[in-house]
Every structure is written in structure tokens, then in C-alpha cells.
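Notes follow once the structure below has been shown.
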Amino acid sequence: MPELPEVETVRRGLERTLVGRRFDEVTVGRERVARRTSRKELRDGLTGARVVRVDRRGKYLLLELDSDSVAMVHLRMSGQVVIDEGRTAPPAHSHVVADLDDGQRMLFIDPRTFGEVVVASRNEFEILIPELGRLGIDPLVDGVTIDDVVSMCCNRRRRVKSLLLDQSEIAGIGNIYADEICHRSGIRPDRQAHTLSRRSCRRLADSIVDVIEEAVDLGGSTLADAQYVGVDGEPGSYQDRHRVYARTGQRCITCGRGIIRRVMIDQRSSHFCPVCQR
Ligand SMILES: [Zn+2]
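Residue 11 is where the sequence shown starts when you use our numbering, and the numbers rise one by one after that.
In C-alpha cells, the structure reads:
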């Protein structure tokens with residue numbers, strides 16, 4: 011499932027290719043992709059509009075349009091936004107096909123159909139997508155300070171990983187990066203947040219920013235299912251740097267002694283090294 015680094019990679023690709031472009035003909039396939047509004051509203055909202063800016067909040071992509079509307083794209087489990095030359099028939103599961111005024115084409119492809127595209131006027135936007143208003147700090151845009159982590163963890167009887175996955179605390183972190191961040195900071199993902207020392211909170215704050223920035227630099231992580239790709243169709247390469255995620259039973263490459271363990275936390279598989287992480 012795409013997390014902040016993957017969505018940011020897509021954002022950068024769209025910023026390069028889409029800013030200044032106008033959507034000409036727009037086709038919307040499955041109704042489910044436009045479930046908060048309708049296929050007609052999505053088609054009418056995009057058609058003729060020019061992209062002014064491409065922003066991101068957590069895992070939400072936001073395309074500011076010159077029509078005073080905003081388009082939101084959420085990839086969820088398996089969504090992809092691809093820009094191509096439009097010379098072939100759209101691939102399977104292309105739920106939105108939008109021709110651009112420079113002859114290229116934007117595709118929203120989503121085999122599992124959990125993703126969505128919404129176009130709404132600025133006024134209606136927060137009403138239609140209320141969760142945008144509840145997002146916490148963004149590690150890439152806002153940074154994360156030791157005080158942010160101390161106030162997030164103190165007096166909280168929750169596991170560290172649960173807090174990292176809580177989008178209202180820090181926006182954009184999912185299962186892969188939560189595990190990698192815990193490993194980088196030497197903290198077990200099932201550790202109770204209120205037991206962290208100030209020093210651990212500092213390590214956690216630094217690790218959140220460092221892991222996310224490194225992953226963005228490498229274009230995010232593409233797992234074996236190959237569902238995540240950038241707008242050019244290219245996979246990311248941060249998966250080669252994963253130290254614990256999906257490495258259950260393998261020797262830890264950080265300490266060379268521990269064997270990576272897997273536990274369930276909030277019904278999510280969680281991976282850690284029992285030697286490096288306390
Ligand atoms: Zn280790």
C-alpha cells in the first residue's frame with residue numbers, strides 16, 4: 011500500500027508533467043472511483059480545467075485547478091497514476107482516462123478499486139473529505155521535533171507502532187515505514203509509548219524524518235506485487251534498503267546477530283530485531 015514516500019514520488023512526477031496542462035476529454039469507468047460524488051461530477055470537474063499546483067497532505071494528492079476546484083487522488087491499496095503518450099488502449103483497470111492538451115494522457119489505474127478521485131469546489135472540499143482536516147503533522151513538510159514525539163508519547167498507553175500509524179498524529183506513515191522507523195530508532199514496535207525516555211523520543215523523531223527522506227530520494231518502495239509505480243511506470247528502489255520489513259526469520263543486517271521476528275500489532279504484521287530494538 012503506497013505510503014508517504016510513494017505518494018510524494020507520484021506528486022513530484024505529476025508536478026513535472028501536469029502543471030500548466032489542461033484536461034481535454036475525460037472518461038470515468040467504474041462508479042466506485044468517484045463514490046463520494048458521481049462519475050458525471052468527476053468528468054465535468056476535470057474537463058477543461060488546467061492544473062495550477064500539485065500538493066500532498068499525508069497520503070492524499072491534491073491537484074489545484076484553475077476552475078477554483080481541487081482534485082483529490084487517493085491511491086489506497088493498489089492505485090496508480092500514470093502519464094503516458096496515449097498511443098495504446100488504456101491498460102486494464104484504468105478507471106479514469108484523461109487526455110491532456112499536450113497530447114499526453116493521465117490514467118488512474120486501480121485493480122482493487124479502493125482508490126478514489128474526487129473533484130470539488132474549494133468550499134465543498136473539507137465537507138466532502140473531512141479526514142483531511144484531521145491529519146497530523148507531515149514529516150516531510152513540517153518535520154518532526156523531539157517535542158512533537160514527547161507530547162505524542164507521554165502518558166499514552168499505546169504501542170509505539172500504533173501511534174506511528176495514527177494519521178491524526180503523524181500523517182503518511184503506514185506499515186512498511188513504521189517498522190523501518192522503529193528499527194532505525196532502536197525501539198520495539200510493541201513498546202508502550204509512555205515508557206520511552208527523552209533520548210528515545212529524540213531518536214524516534216530523527217528516524218521518522220530520516221527514513222521518510224531516504225525513501226523519497228529512492229522513489230519509494232515497490233514490493234513483490236509491483237503495484238506501486240511512479241507516474242512514468244517505473245518502480246521505486248527503497249525496498250532494497252528495508253532492514254526488517256518482511257524479513258521474518260532472516261539475520262538482522264544491522265547487528266548481524268538478531269533474527270528478525272514478526273508480531274501482530276493492531277492486526278498488522280510488524281517486524282523487528284530483538285537484539286537491536288528494546
Ligand atoms: Zn539487529
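Just so it is clear, CB atoms sit at the ideal spot from N, CA and C, and this is done for glycine as well.
Can you determine whether any heavy atom of ligand 1 sits closer than 6 Å to the C-beta of residue i, and answer yes or no?
{"i": "G268", "result": "yes"}
{"i": "C164", "result": "no"}
{"i": "T264", "result": "yes"}
{"i": "V285", "result": "yes"}
Mapping the DSSP letters down to three states, classify residue i as helix, strand or coil.
{"i": "F135", "result": "helix"}
{"i": "D157", "result": "helix"}
{"i": "H204", "result": "helix"}
{"i": "Y70", "result": "strand"}
{"i": "I349", "result": "No answer is possible for residue 349: it lies beyond the span of the chain, which begins at 11 and ends at 288."}
{"i": "S279", "result": "strand"}
{"i": "R144", "result": "helix"}
{"i": "I222", "result": "helix"}
{"i": "E95", "result": "coil"}
{"i": "I180", "result": "strand"}
{"i": "T19", "result": "helix"}
{"i": "M162", "result": "helix"}
{"i": "A188", "result": "helix"}
{"i": "T47", "result": "coil"}
{"i": "R257", "result": "coil"}
{"i": "L228", "result": "coil"}
{"i": "A9", "result": "One cannot answer for residue 9 here, as it falls past the ends of the chain, which runs 11 to 288."}
{"i": "H84", "result": "strand"}
Taking the alpha-carbon of residue i as reference, which of the options has the nearest alpha-carbon?
{"i": "R167", "options": "R201, I186, G89", "result": "R201"}
{"i": "K69", "options": "F33, E244, P12", "result": "P12"}
{"i": "G30", "options": "L14, R45, R63, R40", "result": "R63"}
{"i": "G196", "options": "S77, V254, M162, P100", "result": "V254"}
{"i": "R267", "options": "V285, T37, S161", "result": "V285"}
{"i": "S48", "options": "V160, F135, V128, S178", "result": "V128"}
{"i": "D115", "options": "F124, S104, R122, T123", "result": "Residue identity differs from the one stated: residue 115 is Arg in this sequence, not Asp. Answer by Cα proximity: S104."}
{"i": "R212", "options": "C163, A102, G39", "result": "C163"}
{"i": "S280", "options": "A188, A203, D227, T232", "result": "A188"}
{"i": "D78", "options": "R251, R132, I270, R21", "result": "R132"}
{"i": "I186", "options": "P100, Q277, Q249", "result": "Q249"}
{"i": "Q237", "options": "L173, V92, Q277", "result": "V92"}
{"i": "A215", "options": "G153, T232, L175, A256", "result": "G153"}
{"i": "V83", "options": "V17, I180, V273", "result": "V17"}
{"i": "G259", "options": "F282, P121, F124", "result": "F282"}
{"i": "I139", "options": "M274, I270, R45", "result": "R45"}
{"i": "D176", "options": "L233, D94, I275, R60", "result": "I275"}
{"i": "L233", "options": "G246, E141, D242", "result": "G246"}
{"i": "L117", "options": "I263, D242, L145, R271", "result": "D242"}
{"i": "S210", "options": "V159, A256, E25, E224", "result": "V159"}
{"i": "H204", "options": "K171, G143, Q277", "result": "K171"}
{"i": "R144", "options": "R198, C265, G182", "result": "G182"}
{"i": "G113", "options": "P15, L14, S231, G96", "result": "G96"}
{"i": "R198", "options": "R251, E136, R271, T155", "result": "R271"}
{"i": "A81", "options": "A102, D94, G55", "result": "G55"}
Just confirm the distance between the C-beta atoms of residue i and residue j, as a whole number of angstroms; I'd bet it's less than 8 Å.
{"i": "H193", "j": "Q287", "result": "6 Å"}
{"i": "V43", "j": "E134", "result": "Not really, about 18 Å apart at Cβ, beyond 8 Å."}
{"i": "R66", "j": "R21", "result": "4 Å"}
{"i": "G23", "j": "G240", "result": "5 Å"}
{"i": "D34", "j": "D111", "result": "6 Å"}
{"i": "V226", "j": "T19", "result": "7 Å"}
{"i": "I191", "j": "L206", "result": "Wrong, their Cβ atoms sit about 13 Å apart, outside the cutoff."}
{"i": "R60", "j": "R26", "result": "So it is not a contact: roughly 16 Å between Cβ atoms."}
{"i": "R53", "j": "T123", "result": "That belief does not hold up - the Cβ atoms of R53 and T123 are roughly 18 Å apart, past 8 Å."}
{"i": "L228", "j": "R251", "result": "7 Å"}
### Any 3 or more C-beta pairs closer than 8 Å across the region 140-150 and the region 216-224
yes
#### Entry: Segment contact, 8 Å Cβ cut-off, at least three pairs: the region 70-79 with the region 94-112
no
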